[in-house]
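To start, the structure under review is shown below, and the notes come after it.
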Amino acid sequence: MIEFRDVHKHYGSLHVLNGIDLQVAEREVVVVIGPSGSGKSTLIRTINRLEPIESGTLVVNGTPVHDRKVDVNKLRRDVGMVFQSFNLFPHLTALQNVMLAPTKVKGIPRGTAREKGIALLTKVGIPEKADVHPVRLSGGQQQRVAIARALAMDPKVMLFDEPTSALDAEMIREVLDVMRDLAREGMTMIVVTHEVGFAREASNRVVFMDGGRIIEDSPTAQFFERPREERARQFLSRVIHH
Amino acid sequence: MGIIGEFSELYLFPNGLFITIQLAITSLLGSLVLGTVIALFRIAPLVPLRWLGGGYVEFFRNTPLLVQLFFLYFATPYIGIYLGEPDTFGFRAAALGLTLYHAAYVAEIVRGGLLAVDKGQIEAARSLGLTYLGMLREVQLPQTFRAVIPPLGNIGIALVKNTSLAATIGVADLLFAGDIVESRTFRAEEAYAAVAILYLSLTIPLGILVNYLEKRMLVAR
Numbered sequence: 001m002i003e004f005r006d007v008h009k010h011y012g013s014l015h016v017l018n019g020i021d022l023q024v025a026e027r028e029v030v031v032v033i034g035p036s037g038s039g040k041s042t043l044i045r046t047i048n049r050l051e052p053i054e055s056g057t058l059v060v061n062g063t064p065v066h067d068r069k070v071d072v073n074k075l076r077r078d079v080g081m082v083f084q085s086f087n088l089f090p091h092l093t094a095l096q097n098v099m100l101a102p103t104k105v106k107g108i109p110r111g112t113a114r115e116k117g118i119a120l121l122t123k124v125g126i127p128e129k130a131d132v133h134p135v136r137l138s139g140g141q142q143q144r145v146a147i148a149r150a151l152a153m154d155p156k157v158m159l160f161d162e163p164t165s166a167l168d169a170e171m172i173r174e175v176l177d178v179m180r181d182l183a184r185e186g187m188t189m190i191v192v193t194h195e196v197g198f199a200r201e202a203s204n205r206v207v208f209m210d211g212g213r214i215i216e217d218s219p220t221a222q223f224f225e226r227p228r229e230e231r232a233r234q235f236l237s238r239v240i241h242h
Numbered sequence: 001m002g003i004i005g006e007f008s009e010l011y012l013f014p015n016g017l018f019i020t021i022q023l024a025i026t027s028l029l030g031s032l033v034l035g036t037v038i039a040l041f042r043i044a045p046l047v048p049l050r051w052l053g054g055g056y057v058e059f060f061r062n063t064p065l066l067v068q069l070f071f072l073y074f075a076t077p078y079i080g081i082y083l084g085e086p087d088t089f090g091f092r093a094a095a096l097g098l099t100l101y102h103a104a105y106v107a108e109i110v111r112g113g114l115l116a117v118d119k120g121q122i123e124a125a126r127s128l129g130l131t132y133l134g135m136l137r138e139v140q141l142p143q144t145f146r147a148v149i150p151p152l153g154n155i156g157i158a159l160v161k162n163t164s165l166a167a168t169i170g171v172a173d174l175l176f177a178g179d180i181v182e183s184r185t186f187r188a189e190e191a192y193a194a195v196a197i198l199y200l201s202l203t204i205p206l207g208i209l210v211n212y213l214e215k216r217m218l219v220a221r
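Quick note, the sequences are listed as chains W and V, same order.
Residues 1 to 242 in this note's numbering are what the first sequence spells out, letter by letter.
Residues 1 to 221 in this note's numbering are what the second sequence spells out, letter by letter.
So, in structure tokens, the structure goes:
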């Protein structure tokens, strides 16, 4: 469903993606971990072309994402994205945030979009906040609305870019619960996170990045029990014991 | 008795006030629309559009409004630009001049507001599949206008006062009415005091309206 082949990208002199080869199959949940500055966020942001790449190929749902002829707006409908800083639209209520893309991008009638929006807010556990603006929501609630907003387009893949890094401990749990449910339902997910607990329970595979390269790509259980690479071992001992 | 005694001249004030209001509303709407378009040019992904927007702002902001009005009124007939019949010509020239001039200021304010919108907002909108224009319409512009209401209010008030320059190109506005009353009654102090008070009757409510809008938008944000 997603395939990177020898993808490269620089920020100035920094080789932020250095020959990435990665495949993600349908219904797979892949967690990307690694130290900060290792290229994880850049990697995930290339999938919906928020970041351009310089060479190599990246195919998503059969579409070569970075081909100039590709209609990027059409591609993005099928790729949901959740950001570290939530990025809810502050001038719209929670429900309006969720309804925006279905009505404006897909042209779904407001009534239908509304029903679906309420169903999605119920799914993420906050139907009572439908008519509230984002400023009046906690961080955890905002992130759950953001997940509902992305799901409203019925994406084939969901990308999570450090979805809990801006949250307090108690709110991390409520967001991870929603993500676990999604994983269980068979959503294809790529998750950049430092949450080792989530990775262990909900993912099929762990990809460890450092210095713009994928250092290790292993099934989850194997990665945590006997990581092959020394750098992955070091990183794990730090994040687990701190 | 004073000016109130000269009943035959007083009708000039409501007529002038009406023309001033018409001129202000036309130019205000015009400069909001044109200024927003210029602002979008100034931040457009295409470099030539940015140059065009920049050139517009520099030209209209750096030449006197009165000169622009004189050009539109006196010079356009010689260069083949038709703005209307003699009875409507002055008003149209004034409305066009006021629009062009204040659009430059509106553009600078709106551009600042557009650039102040968090980049994450734009990324979130685009990642949902909204086109660049869809993102502008649904996300970036609504947030911009909420933020720039106070400075736009200042431009609006300046514009209302600047409409008085239209009197110099023969538009029968409020100041023009004052001039006529003064020349017929020789009561300059009362005539111009009345004109000033009538301008205040427009600008002060406009200021109150802007404050009200600002408060309402803060709640929604």
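C-beta atoms are modelled at their ideal positions from N, C-alpha and C, and glycine is treated no differently.
Pick from the options that is closest to residue i, judged by C-alpha positions
{"i": "Ala98 of chain V", "options": "V:Ile79, V:Leu65, V:Pro86, V:Gly80", "result": "Looking at the sequence provided, one finds Leu at residue 98 of chain V rather than Ala. Closest option to Leu98 of chain V, Cα to Cα, is V:Leu65."}
{"i": "Arg200 of chain W", "options": "W:Asp154, W:Ala101, W:Leu236", "result": "W:Leu236"}
{"i": "Gln222 of chain W", "options": "W:Arg213, W:Ala232, W:Ile214", "result": "W:Ala232"}
{"i": "Val56 of chain V", "options": "V:Val47, V:Leu46, V:Arg42, V:Leu69", "result": "Per the sequence shown, residue 56 of chain V should be read as Tyr rather than Val. Measuring from the Cα of Tyr56 of chain V, the nearest candidate turns out to be V:Arg42."}
{"i": "Leu100 of chain V", "options": "V:Glu123, V:Leu72, V:Gly120, V:Tyr82", "result": "V:Leu72"}
{"i": "Met209 of chain W", "options": "W:Val191, W:Phe198, W:Glu128", "result": "W:Val191"}
{"i": "Asp161 of chain W", "options": "W:Asp217, W:Leu95, W:Glu170, W:Val175", "result": "W:Val175"}
{"i": "Phe70 of chain V", "options": "V:Leu96, V:Glu58, V:Leu152", "result": "V:Leu96"}
{"i": "Gly53 of chain V", "options": "V:Ala107, V:Arg92, V:Ala191, V:Leu28", "result": "V:Ala107"}
{"i": "Ala101 of chain W", "options": "V:Glu58, V:Thr63, V:Asp87, V:Met135", "result": "V:Met135"}
{"i": "Gly112 of chain V", "options": "V:Leu152, V:Arg137, V:Phe91, V:Glu85", "result": "V:Leu152"}
{"i": "Arg5 of chain W", "options": "W:Pro35, W:Glu26, W:Glu54", "result": "W:Glu54"}
{"i": "Thr63 of chain V", "options": "V:Arg126, V:Phe13, V:Tyr105", "result": "V:Tyr105"}
Sequence-distant residues of the same chain with beta carbon closer than 7 Å to residue i, five excluded per side
{"i": "Val117 of chain V", "result": "Gln140, Gln143, Thr144"}
{"i": "Leu34 of chain V", "result": "Thr99, Ala103"}
{"i": "Val239 of chain W", "result": "His194, Val196"}
{"i": "Val70 of chain W", "result": "Thr63, Pro64"}
{"i": "Pro127 of chain W", "result": "Ile118, Leu121"}
Per-residue DSSP class, three states only, for residue i
{"i": "Met179 of chain W", "result": "helix"}
{"i": "Asp131 of chain W", "result": "coil"}
{"i": "Thr203 of chain V", "result": "helix"}
{"i": "Glu230 of chain W", "result": "helix"}
{"i": "Arg187 of chain V", "result": "coil"}
{"i": "Met1 of chain V", "result": "Only weak support is given to the placement of Met1 of chain V: the predicted model assigns it a pLDDT of 47, under 50, and the value that follows is read from those uncertain coordinates. Correct three-state label for Met1 of chain V: coil."}
{"i": "Arg213 of chain W", "result": "strand"}
{"i": "Ile43 of chain V", "result": "coil"}
{"i": "Leu22 of chain W", "result": "strand"}
{"i": "Leu58 of chain W", "result": "strand"}
{"i": "Glu201 of chain W", "result": "helix"}
{"i": "Thr63 of chain V", "result": "coil"}
{"i": "Pro64 of chain W", "result": "strand"}
{"i": "Glu170 of chain W", "result": "helix"}
{"i": "Pro142 of chain V", "result": "helix"}
{"i": "Gly170 of chain V", "result": "coil"}
{"i": "Met81 of chain W", "result": "strand"}
{"i": "Ser138 of chain W", "result": "coil"}
{"i": "Ala152 of chain W", "result": "coil"}
{"i": "Ile126 of chain W", "result": "coil"}
Paired residues, beta bridge with residue i - DSSP
{"i": "Lys9 of chain W", "result": "W:Leu17"}
{"i": "Val31 of chain W", "result": "W:Val191, W:Val206"}
{"i": "Asp161 of chain W", "result": "W:Val192"}
{"i": "Phe86 of chain W", "result": "Bridge partners of Phe86 of chain W: none, in fact."}
{"i": "Ser218 of chain W", "result": "W:Val206"}
{"i": "Phe4 of chain W", "result": "W:Leu22, W:Leu58"}
{"i": "Val210 of chain V", "result": "DSSP lists no partner for Val210 of chain V."}
Cutoff 6 Å; reference residue i; Cβ partners in own chain excluding five residues on either side
{"i": "Val157 of chain W", "result": "Val79, Thr188"}
{"i": "Ala167 of chain V", "result": "Asp173, Leu175, Phe176"}
{"i": "Glu51 of chain W", "result": "Thr42, Arg45"}
{"i": "Phe86 of chain W", "result": "Gln142, Gln143, Ala146"}
{"i": "Arg76 of chain W", "result": "Asn48"}
{"i": "Asp217 of chain W", "result": "Val207"}
{"i": "Ala113 of chain W", "result": "Met99, Pro102, Thr103"}
{"i": "Leu49 of chain V", "result": "Phe41"}
Sequence-distant residues of the same chain with beta carbon closer than 8 Å to residue i, five excluded per side
{"i": "Lys161 of chain V", "result": "Tyr199, Thr203"}
{"i": "Asn204 of chain W", "result": "Glu28, Val29, Val30, Pro219, Thr220"}
{"i": "Ile47 of chain W", "result": "Ile2, Leu58, Val60, Val65, Val79, Val157, Leu159, Ile190"}
{"i": "Leu115 of chain V", "result": "Ile43"}
{"i": "Glu9 of chain V", "result": "Ile3, Ile180, Val181, Arg184, Thr185"}
{"i": "Thr131 of chain V", "result": "none"}
{"i": "Val16 of chain W", "result": "Lys9, His10, Gly39, Thr42, Gly212"}
{"i": "Phe60 of chain V", "result": "Gln68, Leu100, Tyr101, Ala103, Ala104"}
Residue i at chain C interface by Cβ criterion, 8 Å
{"i": "Lys123 of chain W", "result": "In summary, chain C is missing from the structure at hand, where the protein chains are W and V."}
Within 7 Å of chain V by C-beta, residues of the region 82 to 97 of chain W in sequence order: Phe83, Ser85, Asn87, Phe89, Pro90, His91
Using a Cβ-Cβ cut-off of less than 8 Å, list which residues of the region 154 to 187 of chain W approach chain V; keep chain order. none
Output needed in chain order: residues of the region 105 to 131 of chain V with a Cβ under 8 Å from some Cβ in chain W. Asp118, Gly120, Gln121, Glu123, Ala124, Ala125, Arg126, Ser127, Leu128, Gly129, Leu130, Thr131
Determine which residues of the region 139 to 160 of chain V have a Cβ less than 7 Å from any Cβ of chain W, and write them out in chain order. Val139, Pro142, Gln143, Arg146
Please name the residues in the region 39 to 68 of chain V whose beta-carbon is closer than 9 Å to at least one beta-carbon of chain W, in chain order. none
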